[in-house]
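Asker: What follows is a single structure, and I will ask about it in a moment.
In our numbering, the protein residues as written are 183 to 250.
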């Protein structure tokens, strides 16, 4: 899945590719969870979750926030 994220400090979009197993989105939805992780190098907190608009249309949502 390819997506774009915006960085709060620069307002520039950065292309991001997320690679996951084919059942990953269904698993997140069935467990009713989101994942949060970080990396000390980028000082960013990343969230992954599922946004269900219609039952037949599921999207993996990613939000990145910069740590002050």
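Just so it is clear, CB atoms sit at the ideal spot from N, CA and C, and this is done for glycine as well.
#1: So what's residue 214 in DSSP terms, helix, strand or just coil?
#2: For the candidate residues 208, 233 and 228, whose alpha-carbon lies nearest to that of residue 219?
#3: Exposed or buried, which one is residue 210 when buried takes at least 16 other CB atoms within 10 Å?
#4: Are the Cβ atoms of residue 232 and residue 207 separated by less than 7 Å?
#5: Could you compute how far the alpha carbon of residue 199 sits from the alpha carbon of residue 230?
Answerer: Here's the rundown:
#1: coil
#2: 228
#3: Residue 210 should be labelled buried.
#4: Yes.
#5: 13 Å
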